[in-house]
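Everything in the sequence shown is counted per my numbering, starting at 129 for the first residue and increasing by one. The C-beta atom is built at its ideal place from N, Cα and C for all residues, glycine as well. These numbers were taken from a predicted model, which means no experiment stands behind them.
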Amino acid sequence: MNDIQDLFPTRLERKLGMFERFDPVVHSEGAQRSNGPLNEDQLHEYEQKGFLSFENFFEKEEMEAFLQELSDYEEDEDLKLSEGTVLEPGRQEIRSIFGIHEVSGRFSQLTRDPRLLEMVQQLLGSDVYIHQSRINYKPGFTGKGFNWHSDFETWHSEDGMPRMRSLSCSIILTDNGEFNGPLMLVPGSHRYFVPCVGRTPENNYKESLKSQEVGVPDKVSLRTLMLEGDIEAPKGDAGTLLLFECNTLHGSNMNMSCWPRSNLFFVYNSVENGLVNPFCGNRPRPDFLANRKDWSPLTPVT
Ligand code: 6CS
Ligand code: FE
């Protein structure tokens with residue numbers, strides 16, 4: 129177990145009410161806060177909503193190269209069999225490929241793109257490293273959804289992430305429209321921690337990455353937060369960037385359209401927020417889900 133106090137008790141036998149966040153949302157202050165690429169309005173929006181989206185963040189030509197990698201991986205039978213690849217429940221289509229920055233040199237370099245790194249360092253107020261990376265494919269007709277959840281609730285409980293000082297950069301690879309299961313977020317939900325009921329089974333990830341049952345907030349809490357903040361689905365064409373805070377509630381519907389909804393995710397963690405033992409008490413999850421082997425600060429690629 130940990131010798132540090134568990135400030136975010138969850139995966140309990142009985143329901144514990146949600147409580148207000150006490151970690152900063154934007155961790156930088158003073159000159160570090162004002163000297164980064166995000167202006168005060170953007171910082172304020174991120175603090176209020178828990179996410180920011182940027183249309184046409186990447187050029188069309190860059191996206192073509194990313195899409196080529198996406199289809200190469202889809203055809204790669206060996207990659208399909210690797211432990212970091214999750215298939216859609218009961219099907220042969222790929223749902224997610226984890227650890228993608230360790231598979232792809234291009235995506236590894238992209239994690240250090242100054243256009244991303246400088247914003248992330250400004251928001252997390254420190255040097256950063258990659259906690260997790262993945263591609264979610266959500267293929268047409270068969271791509272299942274993701275239940276409402278806070279990533280931090282999982283990363284705290286199952287990966288031992290101590291505090292809310294992490295965020296996801298999601299790069300839209302195929303147009304996210306109305307009908308192909310776009311990511312939905314609850315604005316303002318990042319300002320509350322919602323403890324979840326239900327103990328975490330050993331090797332929970334073998335099921336949770338196909339369909340998350342443990343660590344899903346209760347409907348009373350979800351309703352309260354949705355009535356307060358509504359729901360937003362920041363759709364956009366390939367090349368759109370979405371930054372969302374580790375504790376912002378999000379989920380998505382199944383894809384009933386013919387168009388895939390594929391997104392690339394880089395999860396950045398502050399080097400001041402290194403993982404400890406999982407607070408749920410289970411063994412640590414594999415490295416492709418929670419990086420424990422290299423926390424050296426990322427340096428911008430020039
Ligand atoms: O368990 C995890 O780390 C993954 N689960 C979800 C539903 N979102 C975050 C992450 O990819
Ligand atoms: Fe998630």
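Legend entry - L403 and L377 closer than 9 Å at C-beta: No. Outside cutoff.
Inset, instruction - Tell whether a beta-carbon distance below 9 Å holds between E189 and G253. - result: no
Legend entry - H259: first and last residue of the uninterrupted beta strand (DSSP E) it sits in: H259 -> beta strand (DSSP E) spans V256 to N264.
Inset, instruction - Would you mind sorting P217 into buried or exposed? The rule is 16 or more other CB atoms within 10 Å of its CB. - result: With fewer than 16 Cβ atoms within 10 Å of its Cβ, P217 is classed as exposed.
Inset, instruction - Count the other C-beta atoms from every protein chain shown that fall within 10 angstroms of the C-beta of V348, then say buried if there are 16 or more, exposed otherwise. - result: exposed
Inset, instruction - Run the CB neighbour count on K421, radius 10 Å, all protein chains shown included, and call it buried at 16 or more, exposed below. - result: exposed
Inset, instruction - Tell whether a beta-carbon distance below 9 Å holds between Y201 and I263. - result: yes
Legend entry - CA nearest to the CA of S278, picked from V342, Q249, L417 and V154: V342
Legend entry - Entirely enclosed beta strand (DSSP E) segments - the segment 280–311, minimum 3 residues: 294–300
Legend entry - Contact set for F182: own chain, Cβ-Cβ below 7 Å, skip 5 residues either direction: T368 and L369
Legend entry - Same chain only: Cβ atoms within 6 Å of P165, ignoring 5 sequence neighbours per side: E246 and M247
Inset, instruction - Report buried or exposed for M384, applying the criterion of at least 16 other Cβ atoms within 10 angstroms of its Cβ. - result: M384 comes out exposed.
Legend entry - Closer than 8 Å: L377 CB and nearest the ligand 6CS heavy atom: no
Legend entry - D279 beta carbon near the ligand FE (any heavy atom closer than 8 Å): yes
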